[in-house]
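Enquirer:
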Amino acid sequence: MNIKKIPDRWIVNYMKRNTTALTLLLCIVTLVVMSTTACASDFPTFQHDNYHSGITTDAAPTTANLDWATNVGAGGWAGFDTAPVVGGDKVFGVYYNGSVFAFNKTTGNVVWQNTQIGGDGYFELATPAYNNGVLYVALSRGNTSTTTGIHALWANNGSVKWTTPNITDEQTNTPVVYDNGYVYFGTVNMTGVSNSDKGTYYCYNANNGNQVWSRDTTTGGGYYGAGAAVIGDYLVYGDDASYLVSVNKNTGTLVQSLDVSSTYGVTVGEIRSSITYNATTGRIYFTSKGGYCYALGFNANNGTFNTGDKWCTNLGAQSTSTPAVYNGKVYVGQSPYNNYGLRILNETNGTILGGYQTYAAVQSSPVLSVNPVTGNCYVYFTTNNEEGYVYCVNSTGNLVWTAKPTGSTYTLQGIAISDGYLYFGNDNSYMYGYYLT
1 MNIKKIPDRW IVNYMKRNTT ALTLLLCIVT LVVMSTTACA SDFPTFQHDN YHSGITTDAA
61 PTTANLDWAT NVGAGGWAGF DTAPVVGGDK VFGVYYNGSV FAFNKTTGNV VWQNTQIGGD
121 GYFELATPAY NNGVLYVALS RGNTSTTTGI HALWANNGSV KWTTPNITDE QTNTPVVYDN
181 GYVYFGTVNM TGVSNSDKGT YYCYNANNGN QVWSRDTTTG GGYYGAGAAV IGDYLVYGDD
241 ASYLVSVNKN TGTLVQSLDV SSTYGVTVGE IRSSITYNAT TGRIYFTSKG GYCYALGFNA
301 NNGTFNTGDK WCTNLGAQST STPAVYNGKV YVGQSPYNNY GLRILNETNG TILGGYQTYA
361 AVQSSPVLSV NPVTGNCYVY FTTNNEEGYV YCVNSTGNLV WTAKPTGSTY TLQGIAISDG
421 YLYFGNDNSY MYGYYLT
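Residues in the sequence shown are numbered from 1 upward in steps of one, following the UniProt record's numbering.
1) Is the number of C-beta pairs between the stretch 225-237 and the stretch 289-309 that are closer than 8 Å three or more?
2) Ignoring anything shorter than 3 residues, give me the beta strand (DSSP E) runs that lie fully in the stretch 113-153, in order along the chain.
3) Counting C-beta neighbours from all protein chains within 10 Å, is the total for residue 170 16 or more, i.e. buried, or is it exposed?
4) Between which two residues does the beta strand (DSSP E) carrying residue 214 extend?
5) To which residues of the same chain is residue 126 closer than 8 Å at the C-beta, ignoring the five residues directly before and after it?
6) Kindly provide the ranges of any beta strand (DSSP E) runs that are 3 or more residues long and lie completely inside the stretch 376-431, ordered along the chain.
7) Whose CA, out of 165, 202, 353 and 224, lies closest to the CA of residue 193?
8) Tell me the residue span of the alpha helix (DSSP H) that contains residue 321.
9) Let me confirm a value: residue 211 is counted as buried when at least 16 other C-beta atoms fall within 10 Å, else exposed. Which label applies?
10) Can you pull the DSSP bridge partners for residue 283?
11) Does the stretch 38-55 touch the stretch 346-363, meaning 3 or more C-beta pairs lie closer than 8 Å?
12) Quick check on DSSP: helix, strand or coil for residue 364?
13) For residue 359, name the three-state secondary structure that DSSP assigns.
14) Between the Cα of residue 418 and the Cα atoms of 426, 434 and 408, which residue gives the shortest distance?
15) Output the distance between the C-alpha atoms of residue 165 and residue 97, rounded to the nearest integer angstrom.
16) Grab me the residues of residue 26's own chain with a C-beta within less than 8 Å of its C-beta, minus the 5 sequence neighbours each way, in chain order.
17) Taking residue 370 and residue 63 to be in contact with their CB atoms under 8 Å, please state how far apart those CB atoms are, rounded to whole angstroms.
18) Give me the Cα-Cα distance between residue 420 and residue 365, rounded to the nearest whole angstrom.
19) DSSP on residue 164, reduced to helix/strand/coil?
20) Going by DSSP, which residues form a beta bridge with residue 343?
21) Roughly how many angstroms lie between the CA atoms of residue 106 and residue 89, to the nearest whole one?
22) Check whether the Cβ atoms of residue 178 and residue 131 sit closer than 7 Å, and answer yes or no.
23) Just to confirm, are residue 316 and residue 337 a CB contact at a threshold of 7 Å?
24) State the Cα-Cα distance for the pair residue 445 and residue 277, rounded to the nearest angstrom.
25) Suppose you measure from the CA of residue 395 to the CA of residue 129; what does that come to, to the nearest Å?
26) Can you grab the Cα-Cα spacing for the pair residue 79 / residue 308, in whole Å?
27) Looking at the structure shown, is residue 260 part of a helix, part of a strand, or coil, going by DSSP?
28) Report the option in 189, 397, 329 and 299 whose CA atom is closest to the CA atom of residue 341.
29) Under 7 Å between the Cβ atoms of residue 385 and residue 412?
30) Would residue 227 and residue 274 qualify as a contact pair, given that the criterion is a beta-carbon distance under 7 Å?
31) Going by other Cβ atoms of all chains shown within 10 Å of its Cβ, with 16 needed for buried, is residue 425 buried or exposed?
Here it is in structure tokens:
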């Protein structure tokens, strides 16, 4: 792993000037080492790493400088509804019909397009994962009448390394997670526009595409947007029936199942965010369509939940946004309530500290660019409405910049940051690259 080194002389001088330096430094060291498979400038998976921290030490634009905008299709409601990921010199996006695109990260030119594993679907919601020259893609072709598959593409040219089709007839609507030679993802069977009745979590060998294990839901709720965090030997994820589960990542064996509604005494609704883990606090974080953001203690040594260490905060409106946690604050998106689309919470107890009024839904998950010297951060997110703005705010929620790019429209998923660039796609078939000036 390539790690950006902080000069020793800065550490000594800065700690002399600032009594909070040690805390900030510990936070920064934690976020740098949490993803052992990613190069410093890669953004290889949903929310950057397998803790879904949403945090990178790469710089990101502090002004609304659109460097490139690439359109790959007819637009309308047919575009990119997965978050992009970055590996090496390429940005990868999964198109609504299952085609996979690779863009040059500095020019926006299409390097390759793979239509072999998809190309005839209706929508795709599973953000892919990149590792060591390979892109792992889960496709379901947008409905439950066709088969779901997991595929591995060579990142240099988009050719197929291996493909495992016909796994199930359920949708793959969770991010794909790569960890130490294995890939994980979940599926959901939809019984209507918003309800599910079953689903399965899978583990596949990343080298050959062979299934290692699968685990069906036991709660009657599937996995829609419910990406798993990898915490030591354990995989932690939520479901549509308001349950959290912790399983052994190597075998799929259940460690613990937790009824979140009973634990917190609130109506949780569907858990359609991924799980965030913060090693400093020892807590996991998530949201639900019931309109709450949650924190819960987790024992990384044995894979169990600590229900004595918890809080939940009523956001006033539903959320499918995956929280980002940094330096004592939790950043989370939501459907607008009192016009707020982004909320900032106190990490200790969940108290609402502020936010930003977007007047539109923030279904994306906030991404943070943290300065490794000062510890200061910028927070980036998009809105899922017909105007489709992108925002940058500081750590207290004050606006730094906002932009409505060329071809802007609904932007469901979030952002990737790499080497001074900020990337995201939208329903108009655009992929964008904003650059630090």
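We treat Cβ as the ideally placed atom computed from N, Cα and C, and that holds for glycine. Bear in mind the structure is a predicted one, so any value in this text is a computation, not a measurement.
Expert: So, from the data block:
1) Between the stretch 225-237 and the stretch 289-309, the count of C-beta pairs closer than 8 Å reaches three or more; the two stretches touch.
2) Segments of the beta strand (DSSP E) lying fully in the stretch 113-153: 129-131 and 134-139.
3) Counting from one through the sequence shown, the residue named residue 170 turns up at place 170. It counts as buried.
4) Within the sequence shown, the letter at position 214 stands for residue 214. Residue 214 -> beta strand (DSSP E) spans 211-216.
5) The residue labelled residue 126 in the question sits at position 126 within the sequence shown. Around residue 126, the same chain offers 82, 94, 137, 138, 139, 140, 172, 173, 174, 175, 176 and 185 as residues with beta carbons nearer than 8 Å, after the five sequence neighbours per side are excluded.
6) 377-382, 390-394, 399-403, 416-418 and 421-425, all fully within the stretch 376-431.
7) Counted from its first residue, the sequence shown places residue 193 at position 193. When the alpha-carbon of residue 193 is set against those of 165, 202, 353 and 224, the nearest one is in 224.
8) The residue given as residue 321 occupies position 321 in the sequence shown. For residue 321, no alpha helix (DSSP H) segment is defined, and its DSSP state is neither H nor E.
9) The sequence position of residue 211 within the sequence shown is 211, counting from 1. That one is exposed.
10) Within the sequence shown, residue 283 is the residue found at index 283, counting from 1. Beta-bridge annotation (DSSP): residue 283 is paired with 278 and 297.
11) The answer is no - the stretch 38-55 does not touch the stretch 346-363, with fewer than three Cβ pairs under 8 Å.
12) Indexing the sequence shown from 1 puts residue 364 at position 364. DSSP places residue 364 outside both helix and strand once states are collapsed to three, so it counts as coil.
13) Position 359 of the sequence shown, counting from 1, holds the residue named residue 359. Coil at residue 359, not helix or strand.
14) As a first step, residue 418 is located in the sequence shown; it is residue number 418 there, counting from the start. Selected option, being the one with the closest Cα: 434.
15) As a first step, residue 165 is located in the sequence shown; it is residue number 165 there, counting from the start. As a first step, residue 97 is located in the sequence shown; it is residue number 97 there, counting from the start. Roughly 16 Å between the two C-alpha positions.
16) Taking the first residue of the sequence shown as 1, we reach residue 26 at position 26. Confidence is the limiting factor: at residue 26 the pLDDT is only 45, short of 50, which leaves the residue's position unreliable, though a coordinate-based value still follows. Excluding residues within five positions, the ones whose Cβ falls inside 8 Å are 280.
17) Position 370 of the sequence shown holds residue 370. Position 63 of the sequence shown holds residue 63. The C-beta distance from residue 370 to residue 63 rounds to 18 Å, too long to fall under 8 Å, and the pair is not in contact.
18) One-based indexing of the sequence shown puts residue 420 at position 420. One-based indexing of the sequence shown puts residue 365 at position 365. Rounded to the nearest angstrom, the two C-alpha atoms are 19 Å apart.
19) Position 164 of the sequence shown, counted from the first residue, corresponds to residue 164. If DSSP states are grouped into helix, strand and coil, residue 164 belongs with the strands.
20) Residue numbering aside, residue 343 sits at position 343 when the sequence shown is read from its first letter. In the DSSP output, where bridge partners are listed per residue, residue 343 has 332 and 355.
21) The sequence position of residue 106 within the sequence shown is 106, counting from 1. The sequence position of residue 89 within the sequence shown is 89, counting from 1. The alpha-carbon atoms of residue 106 and residue 89 are separated by roughly 8 Å.
22) Position 178 of the sequence shown, counted from the first residue, corresponds to residue 178. Position 131 of the sequence shown, counted from the first residue, corresponds to residue 131. Residue 131 is positioned such that its CB atom lies closer than 7 Å to that of residue 178.
23) For the purposes of this step, residue 316 is identified with residue 316 of the sequence shown, where counting begins at 1. For the purposes of this step, residue 337 is identified with residue 337 of the sequence shown, where counting begins at 1. Their beta carbons are under 7 Å apart, which means residue 316 touches residue 337 by this criterion.
24) Residue 445 is absent from the model: the chain starts at 1 and stops at 437.
25) Taking the first residue of the sequence shown as position 1, residue 395 is located at position 395. Taking the first residue of the sequence shown as position 1, residue 129 is located at position 129. Going by the C-alpha atoms only, they are around 28 Å apart.
26) Position 79 of the sequence shown, counted from the start, is the residue given in the question as residue 79. Position 308 of the sequence shown, counted from the start, is the residue given in the question as residue 308. Per the coordinates, the alpha-carbon of residue 79 lies some 44 Å from the alpha-carbon of residue 308.
27) Numbered from 1 along the sequence shown, position 260 holds the residue referred to as residue 260. It is helical.
28) On the sequence shown, position 341 is the one that residue 341 refers to. The candidate whose alpha carbon is nearest that of residue 341 is 397.
29) What you label residue 385 is simply residue 385 of the sequence shown in a count that begins at 1. What you label residue 412 is simply residue 412 of the sequence shown in a count that begins at 1. The answer is no: Cβ separation not under 7 Å.
30) What you label residue 227 is simply residue 227 of the sequence shown in a count that begins at 1. What you label residue 274 is simply residue 274 of the sequence shown in a count that begins at 1. Their beta carbons are under 7 Å apart, which means residue 227 touches residue 274 by this criterion.
31) Reading the sequence shown from its first residue, position 425 is the one you call residue 425. So residue 425 counts as buried.
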